[in-house]
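Notes follow the structure.
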Amino acid sequence: MSVEAAKHARELLLKEYRGMLSTHSKSMPGFPFGSVVPYCLDAQGQPLILISRIAQHTHNLQKDPKCSMLVGERGAEDVQAVGRLTYLAEARKLEDNAAIEAAAERYYRYFPDSQNYHKAHDFDFWVLEPVRHRYIGGFGAIHWIDQLTLANPFAGKAEASMIEHMNADHAKAIAHYVELAGLSKSEPAQLVGIDSEGMHLRIGQGLHWLAFATPCNTPTQVREALVYLAHAEQWPKNTVADA
1 MSVEAAKHAR
11 ELLLKEYRGM
21 LSTHSKSMPG
31 FPFGSVVPYC
41 LDAQGQPLIL
51 ISRIAQHTHN
61 LQKDPKCSML
71 VGERGAEDVQ
81 AVGRLTYLAE
91 ARKLEDNAAI
101 EAAAERYYRY
111 FPDSQNYHKA
121 HDFDFWVLEP
131 VRHRYIGGFG
141 AIHWIDQLTL
151 ANPFAGKAEA
161 SMIEHMNADH
171 AKAIAHYVEL
181 AGLSKSEPAQ
191 LVGIDSEGMH
201 LRIGQGLHWL
211 AFATPCNTPT
221 QVREALVYLA
231 HAEQWPKNTV
241 ADA
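1 is the number of the first residue of the sequence shown in UniProt numbering; add one for each residue after it.
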């Protein structure tokens, strides 16, 4: 298995924020049931979803937690020439109050409107725990990948602190990141997440993952990367991903 293929597959998972969830149909046994779900990655790098208790895919998962989620690059003229990932998983509903609170804090940053219907309706957080992955990076670039997820070393207070600081005190730097990446300036961007490989921005309803030039494993390295980008004249290596 190519290390490079795993990296590209993880980047695809990081930058898309939505996928086609396939579950085993309870109403039509033997048939797969597909539905579109938004997601962000949790502290362990696993997809975190928020789904209604009355939804068909929830009923399906309650009977059989085995599922898959297809994530593909959107906006491509030739869908067979770009990356797509089939994420095979076992879905698990979050039950622990602390885990639910941590999930809510993260998910609300990415999808702020979800806070309203989560509290007003019967929605629950589920995590898709990986089993195996099938990544196709284009024609002939086909890989089975056993290990794909990468834990976020900043998840929790460190990440929240960095995000709050950047949004409160460095709006100019964030605007420069938007400029470098060629993203929409229709609304001010907000930093919503930081992982070892990049940052997540929200502009209106759109989410965008921007890769660091090199991985960061400490808050100091993140700070150095953000300062470097704030003064850069172009995005390093053009490693920009849009949602």
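C-beta: ideal position from N, C-alpha, C; glycine also.
| query | Are there 16 or more other CB atoms within 10 angstroms of the CB of THR149, so buried, or fewer, so exposed? | reply | buried
| query | When you compare each of VAL127, LEU94, GLY137 to ASP78 by their alpha carbons, which one comes out closest? | reply | GLY137
| For LEU21, the first and last residue of its enclosing beta strand (DSSP E) | Unbroken beta strand (DSSP E) run through LEU21: 18-24.
| message | On the CB-based measure, 16 or more other CB atoms within 10 Å of its CB, does LYS119 come out buried or exposed? | response | exposed
| Which runs of the alpha helix (DSSP H) fall wholly inside the UniProt domain "DUF2470" (159-228) and span at least 4 residues, in chain order? | 171-181
| 7 Å Cβ shell around MET20 - same chain, five flanking residues per side excluded | Exclusion of the five residues before and after MET20 leaves GLY34, VAL36, MET69, LEU70 as the residues of its chain whose Cβ lies within less than 7 Å of its Cβ.
| query | Which term fits GLU4, buried or exposed, when burial requires 16 or more other beta carbons within 10 angstroms of its beta carbon? | reply | exposed
| message | In the DSSP assignment, the alpha helix (DSSP H) including SER2 goes from what residue to what residue? | response | Premise fails: SER2 is in no alpha helix (DSSP H) and is neither H nor E.
| query | ALA43 and ALA151 look like a contact to me (Cβ under 8 Å); what is the Cβ gap, rounded to whole Å? | reply | The beta-carbon separation of ALA43 and ALA151, rounded to 7 Å, stays under the 8 Å limit for a contact.
| said: Can you tell me which residues form a DSSP beta bridge with ARG132? | reply: LEU88
| task | Ignore the nearest five residues each way along the sequence and tell me which others in ALA158's own chain have a CB closer than 7 Å to its CB. | result | PRO219
| field | Three-state class that DSSP yields for ILE51 in the structure shown | value | Three-state DSSP puts ILE51 in a strand.
| Alpha carbon to alpha carbon, what distance is there between HIS8 and PRO29? | 35 Å
| ARG84 to SER2, Cα distance in whole Å? | 16 Å
| query | Per DSSP, which one or two residues make a beta bridge with LEU70? | reply | MET20, THR86
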